[in-house]
Structures are given as structure tokens and as C-alpha cells.
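Residue numbers (mature numbering (1 follows the signal peptide of the UniProt record, and there is no 0)): -19 to -1, 1 to 609.
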């Protein structure tokens, strides 16, 4: 486990205070950039896997990279390249026509070593694999990955996967309780909340350089927000809000189909998803996963690539899976707002829930009745199963050289603290999911601020770290996890709204929960977390946690086969609820509403137009005052 230390004050006595501050700030900026580079590196690894570029994957490792494998580890780039080609590529380079190899890495918790030269990350990894007409499979692991800073940049040094679930699409994923291994935690609650080591750089940089780079890192997070906000608005059919996110002269290019131009074109593009809003019984969840994010060195443009995993359908009718790769080119206007200048959408796979991706449908949705394209598509179609999959990679590094006329970079005051809040919020929020997977209630409650509050599903709201812990122990006991069943909480698609000076922030995340059973097909849960985080005594802590379940489904029937009101079976009686002594009621619905559609709250207005959502969530302190 990586442990941090504080340099003895005696070592600093001879160093002027101003130099100490610059050396400290240099280290903080370098380390925050390292965290962003590591997250991007892992996404790059996933996209190379989707394209079957095994050699490029191996090149993202150190010379002595090691992957722990049953029957013997792969050590070194050549050995890793060989294993990936043989096991994932069936002995060939690339992903041939008729094969699907979607790798998704989500829910990172990243900690840096005291010297900032090494790091460890914990990730959920989900793979959707198929050979058209023959087989479709699931693989789910929790990966503990070690990284090392080299002359080539950050590289993967050690990969230790812990198998959590696997199996064919039909009858479904599961696990063997007798061989199940649970990944150890490489962090404590406080280590998850202290993302920047307490160190000083050996070669301090100029203050203006640090301010510029901190501003780029802040803008990088805001650009990622925009892609994730696109996904949350698409879920709910909030088309006016989506149009607001695009520049007036934006272009949308759908591979294999055509292009759309301007705001009118954005609306024509959205027609493929149906009418605005959600019809009764409609599910349109489209998580934006595995973001690969970079920004120009003048801070004026950004690239964000996501994988969209569609879970859609009509209650009582057909359900669907889909996969698309979205690449967003964003530009920052003179008003300081990021807008989508271009969206390149690459449909990869679509199938019915009933048959799964071994029997795929045409990957791209039909454009909609009467919809015409404004232009021809740019790249060739690479959709499964007819075509071999490949994609243009975005290059390496979170900062790329600006093209064309450079714009002067106007630095943001306090940018470093504000940028840090983005990663601090994500780290502690994701650490929560990993702790509750293993019923680690002491660690879970220690993630909360002293006066933090948490909603306990179906029960109520509990205020204060001790009361939060007591509520979980009363509800779930202290016996630890049951190896026959595991609830795998994946928290994804973060939208971070920084408050004030950067010492507190909202973070909205999507819950994708896989429930795996050792005795049969599992189940699913979808939901939305709205968390508040603060920096308390130098450590990022959860100040408030709101979870709204949206749907709960058995694997066999999927989301379109949900029995209305079935989730209420998990609700305790009024007498049992009273025995918990909650400090306040739940502020949203007690049960997952689908196939009904409840209004979901947002902690932010539209970031471009300022349009308020139907339900606005405001900051709530321990007294749970006005909520909206």
C-alpha cells in the first residue's frame, strides 16, 4: 500500500519561504497533471484493445511491464504483445470483421507515491466480446494497476486483474464462489482523499508557468464535463439542452451515414433517438464511459473521446444494447464557455437484449422518418459485424500543440485548487463504491466529513459520520460480503461543478451496478448519484450523498421486463424505518420508478445557456435546508 509522508521540517529550514512555496506548487501542478495523464493512459489502453492494436497496448507498458495471468505471468512488452494477440486476437493483429472486443475501464481511484514518480490505480473493467453468429461473452474484473513515470511519460508497470464475473451472454454472467478473489485496497479513506503528495519539486518553475498549466488542467476537466453532460441530457431526451451545448456552426458526423450542420442539424441528428422527452415506459440510458481527454496548449480547444453504452427500450416490448464511440471537438468561446464544435459518432454495435451481441443488428440507428443529411460522412464505416474495427487515435498526452492562430491563455485565479477539486471529488466518490462492494463500513463512513450526510436507500437520511456508519451496520450487518453474491457498484460519467474557491464541489455520477450470483443469472441496477464533497483538514471528504435509483432489473428479463412497483419489495416497514432513527427523510423517490419516469434532479443549470433543469439541487448542509 502506498503511504505518504511529510518531509521533516528540519530539511526545509535553510530554504527561503518563497522558494518553498514555488517548489511545493510546482510539485502540485506536476502531480495533478500526472493523475490526468494516468487516466488518459488507461483509456488509451482500452481503445487500443477495441481496435486490436496489441503492439500499441504493449508499448504503453514499461520495458518490464508485468501482467498477472493464470498459468504464468506475461513479463515485458514482447510477452504482453504475444499474450494479447493469442488470447484476445485469436493469433491475429486487429479485430477482424465479425468480431467484437469492447473493453471499458471505469471508476478510477488513483494515488501517487510520495515522490510523484509512481502511482497505483483501481479500476472496474468490463469487456463485451463476440463472434457474430456464434458467441457473445462477458468478462468483469477489478484491476489494480501500478504505473511508473519514465522518459517516455507515464507507463503501465504491473496489472493485477481480479475476476469478478464472467460467462456467455446466454444464460448470463456469474462467478465461482469457491475461487472468488477480492482485490485488496491500495488506499485508506484519507489516502483516497489526499490526491497530491506532500512534496516539493527539485526544480521549481516560474509562477506564471504554473498558473498557465493549472488553468489548462482546470479547463480540461470542464471540457470533459461537457461530453458527460451531453450523455445525461440525452438520457432524458432533453434536446433543447443538448442543442445549447453545440456551437451554432457545429458539425455532427455519423460514420457510414452522413453529416449534420448547425443547430438545425443537431435536432435532425437527435430525431433518431425519438421525440423530445421520455415516452411512458421508455428507457434511454446512454452512459458516456472511458473518457480520453486532451487540450490544446493555448486552452482554446479540447478533444474528448467516450464510449457510449446504450441500454434502451420500451417497457413490455423490446430492449436493446448499443455501443458507439463519440469523439467531441470542443472550442472555448470568448465568454469562457465550452461548446461542441464537432461530434464524430462511430456506431460500433447494436443488438436486442433478448439475443445479445452474437446476433447483431445494423449498428447505426436509422436517421428518423423524413430526415435528410447535410453532407457525406468522412471516414468509412467500421461497424460490427460487417467491418473490421479500427479508429484514428488521438495522440498521446493531455496537452497537444495548438493548430492555426494561437489564442493568448488567460489564467484563472486559484485554478490549481479548483482543478484539484475535480479529481478529489472523483477519487472519494469512486472509493465509496469499492468500499461498499466489500461491506467495509468503517472505511465507508471514514470517507464522510464529520457532519456529512448520506441517504440510505429506502430508509432515510443520516447526518454525521458516526450515524452514517451505524445506519449501514444496522441495515447490512458486520459479517462482511457473501461470496455467493456480489454487488459491483460502478460509478461513472463524472460531472464536477466546482464551488467558490475550490474547497467544495458537486459531483454527479451514474451508477451502473452489476449483481453477480454464484448460483444463476444476476441482476442490474441503474441510478444517479449527486454527491457534495469538501476539503476538510486537507482531505477530500463526502459532505452529502444522494442516490436516486432509476431501475432495477433481473438479468433474464432485462429492463423492459421489470414488473411495475417490484422494487418496493426491498422497502422495510414503517416500524423498521423508525428503528433506524433517521435524521431526515429521503429527498427523492424511495423506490426505483421505472417503468414510470420521475423527474431527476441536477446540481447545475445548462452550462452554456443557463437554462434551469426541471429540478435543481442546491447545496445542502448538515441541517438539510432548502433542497430545490
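No residue lacks a Cβ here, since even glycine has one placed at the ideal position from N, Cα and C. Quick caveat: nothing in here was measured; it's all calculated off a predicted structure.
If you run the structure through DSSP and keep just helix, strand and coil, what is residue -5? Looking up residue -5 in the chain shown gives position 15. Note that residue -5 has pLDDT 47, beneath the 50 cutoff, so the model's placement of it is unreliable and the number below is only indicative. In this structure, residue -5 counts as coil in the three-state DSSP scheme.
Okay, do the stretch 274 to 284 and the stretch 226 to 246 touch, 3+ Cβ pairs below 8 Å being the bar? no
I need the straight-line Cα distance from residue 45 to residue 23, nearest angstrom please. The residue labelled residue 45 in the question sits at position 64 within the chain shown. The residue labelled residue 23 in the question sits at position 42 within the chain shown. Taking the straight line joining both Cα atoms gives about 18 Å.
Starting from residue 474, trace the beta strand (DSSP E) in both directions and tell me its first and last residue. For the purposes of this step, residue 474 is identified with residue 493 of the chain shown, where counting begins at 1. Taken as a continuous stretch (DSSP letters only), the beta strand (DSSP E) holding residue 474 covers 466 to 480.
Counting C-beta neighbours from all protein chains within 10 Å, is the total for residue 531 16 or more, i.e. buried, or is it exposed? Looking up residue 531 in the chain shown gives position 550. Result: buried.
Would you list the residues sitting across from residue 534 in a DSSP beta bridge? By 1-based counting over the chain shown, the position of residue 534 is 553. Beta-bridge pairing links residue 534 to 505.
How long is the line joining the alpha carbons of residue 316 and residue 589, rounded to whole angstroms? By one-based count along the chain shown, residue 316 stands at place 335. By one-based count along the chain shown, residue 589 stands at place 608. Cα-Cα distance, rounded: 9 Å.
Whose CA, out of 131, 547, 377, 93, lies closest to the CA of residue 180? Mapped onto the chain shown, residue 180 falls at position 199. It is 93.
Unbroken alpha helix (DSSP H) run spanning residue 452, endpoints: To locate residue 452, count along the chain shown from 1; it is residue 471. 446 to 457 is the extent of the alpha helix (DSSP H) around residue 452.
Residue 602, buried or exposed, once every other Cβ within 10 Å from all chains shown has been counted against 16: As a first step, residue 602 is located in the chain shown; it is residue number 621 there, counting from the start. The residue is exposed, with fewer than 16 neighbouring Cβ atoms inside 10 Å.
Coarse secondary structure for residue 102, derived from DSSP in three states: By one-based count along the chain shown, residue 102 stands at place 121. The answer is strand: DSSP assigns residue 102 an E or B state.
Are the Cβ atoms of residue 558 and residue 415 separated by less than 9 Å? Looking up residue 558 in the chain shown gives position 577. Looking up residue 415 in the chain shown gives position 434. Not a contact, by the Cβ cut-off of 9 Å.
For the stretch 423 to 435 against the stretch 170 to 186, are there 3 or more C-beta pairs whose distance is under 8 Å? Short answer: they touch.
Residue 295 - DSSP class collapsed to helix/strand/coil: Position 314 of the chain shown holds residue 295. Residue 295 falls in the strand class under three-state DSSP.
Measure the Cβ-Cβ separation of residue 135 and residue 84 and say whether it is below 9 Å. If you number the chain shown from 1, residue 135 lands on position 154. If you number the chain shown from 1, residue 84 lands on position 103. Not in contact: residue 135 and residue 84 (Cβ atoms no closer than 9 Å).
Quick one: complete beta strand (DSSP E) runs, 3+ long, within the stretch 81 to 133? 99 to 112, 116 to 131
With 16 other Cβ atoms within 10 Å as the buried cut-off, status of residue 382: Locating residue 382 in the chain shown gives position 401, where the first residue counts as 1. Counting Cβ neighbours within 10 Å, residue 382 comes out exposed, since fewer than 16 surround it.
Within its chain, find whatever has a CB closer than 8 Å to the CB of residue 333; leave out the 5 residues flanking it on each side and keep chain order. Residue numbering aside, residue 333 sits at position 352 when the chain shown is read from its first letter. Same-chain partners within the cutoff: 299, 300, 301, 302, 340, 342.
Using a Cβ distance threshold of 8 Å, determine whether the stretch 196 to 207 contacts the stretch 146 to 165, with at least three qualifying pairs required. Cβ pair count under 8 Å is below three, so no.
Going by Cα to Cα distance, which pick from 324, 129, 151 is closest to residue 95? Start at 1 with the first residue of the chain shown, and residue 95 comes out as number 114. Minimum Cα distance to residue 95 is reached at 129.
Excluding sequence positions up to five away, which residues of its chain have a Cβ less than 8 Å from the Cβ of residue -7? Within the chain shown, numbered from 1, the residue matching residue -7 stands at position 13. Below a pLDDT of 50, predicted positions are generally treated as unreliable, and residue -7, at 40, falls in that range; no measurement from the model is reported.
Considering only C-alpha positions, which residue in the set 231, 595, 254 is nearest to residue 243? Indexing the chain shown from 1 puts residue 243 at position 262. Across the set 231, 595, 254, the C-alpha of 231 shows the shortest separation from the C-alpha of residue 243.
Does chain C have any CB closer than 9 Å to the CB of residue 67? Absent from the structure: chain C. Only one protein chain is present.
So, helix, strand or coil for residue 641, using DSSP? Nothing can be reported for residue 641: it is not among the residues displayed for the chain, which extend from -19 to 609.
Would you list the one or two residues that DSSP bridges to residue 241? Residue mapping note: residue 241 aligns to position 260 of the chain shown, counting from 1. Answer by DSSP bridge pairing, in chain order: 233.
Can you tell me where the alpha helix (DSSP H) holding residue 170 begins and where it ends? Reading the chain shown from its first residue, position 189 is the one you call residue 170. From DSSP, the alpha helix (DSSP H) with residue 170 extends over 170 to 174.
Per DSSP, cross-strand counterpart(s) of residue 493: Looking up residue 493 in the chain shown gives position 512. Its beta-bridge partners are 471, 507.
Could you say which of 86, 73, 184, 119 lies nearest to residue 2 if we only look at CA atoms? Stepping through the chain shown from its first residue, residue 2 is reached at position 21. For the residues 86, 73, 184, 119, the minimum Cα distance to residue 2 belongs to 184.
Alpha helix (DSSP H) containing residue 402: first to last residue? In the chain shown, the residue the question calls residue 402 occupies position 421. 396 to 418 is the extent of the alpha helix (DSSP H) around residue 402.
What do you get for residue 289, buried or exposed, if any count of 16 or more other CB atoms within 10 angstroms of its CB means buried? Within the chain shown, the letter at position 308 stands for residue 289. Classification for residue 289: buried.
Applying the criterion that 16 or more other CB atoms from any shown protein chain within 10 Å of the CB defines a buried residue, is residue 550 buried or exposed? Taking the first residue of the chain shown as 1, we reach residue 550 at position 569. With fewer than 16 other Cβ atoms within 10 Å, it is exposed.
Alpha carbon to alpha carbon, what distance is there between residue 263 and residue 491? If you number the chain shown from 1, residue 491 lands on position 510. If you number the chain shown from 1, residue 263 lands on position 282. Approximately 18 Å, taken between the alpha carbons.
Using three-state DSSP, classify residue -16 as helix, strand or coil. Here residue -16 corresponds to residue number 4 of the chain shown, with the count starting at 1. Residue placement at residue -16 is flagged as unreliable, the pLDDT there being 41, under the threshold of 50; the coordinate-derived value follows with that caveat. Here residue -16 sits in coil by DSSP.
With respect to the beta strand (DSSP E) encompassing residue 323, which residues constitute its N-terminal and C-terminal limits? Locating residue 323 in the chain shown gives position 342, where the first residue counts as 1. Start and end: 319 to 333.
Do the CB positions of residue 461 and residue 402 come within less than 9 Å of each other? The sequence position of residue 461 within the chain shown is 480, counting from 1. The sequence position of residue 402 within the chain shown is 421, counting from 1. No, these two residues do not count as a Cβ contact at 9 Å.
Bounding residues of the beta strand (DSSP E) (the contiguous stretch that carries residue 305): As a working note, residue 305 is residue 324 in the chain shown. Segment 300 to 313, the beta strand (DSSP E) holding residue 305.
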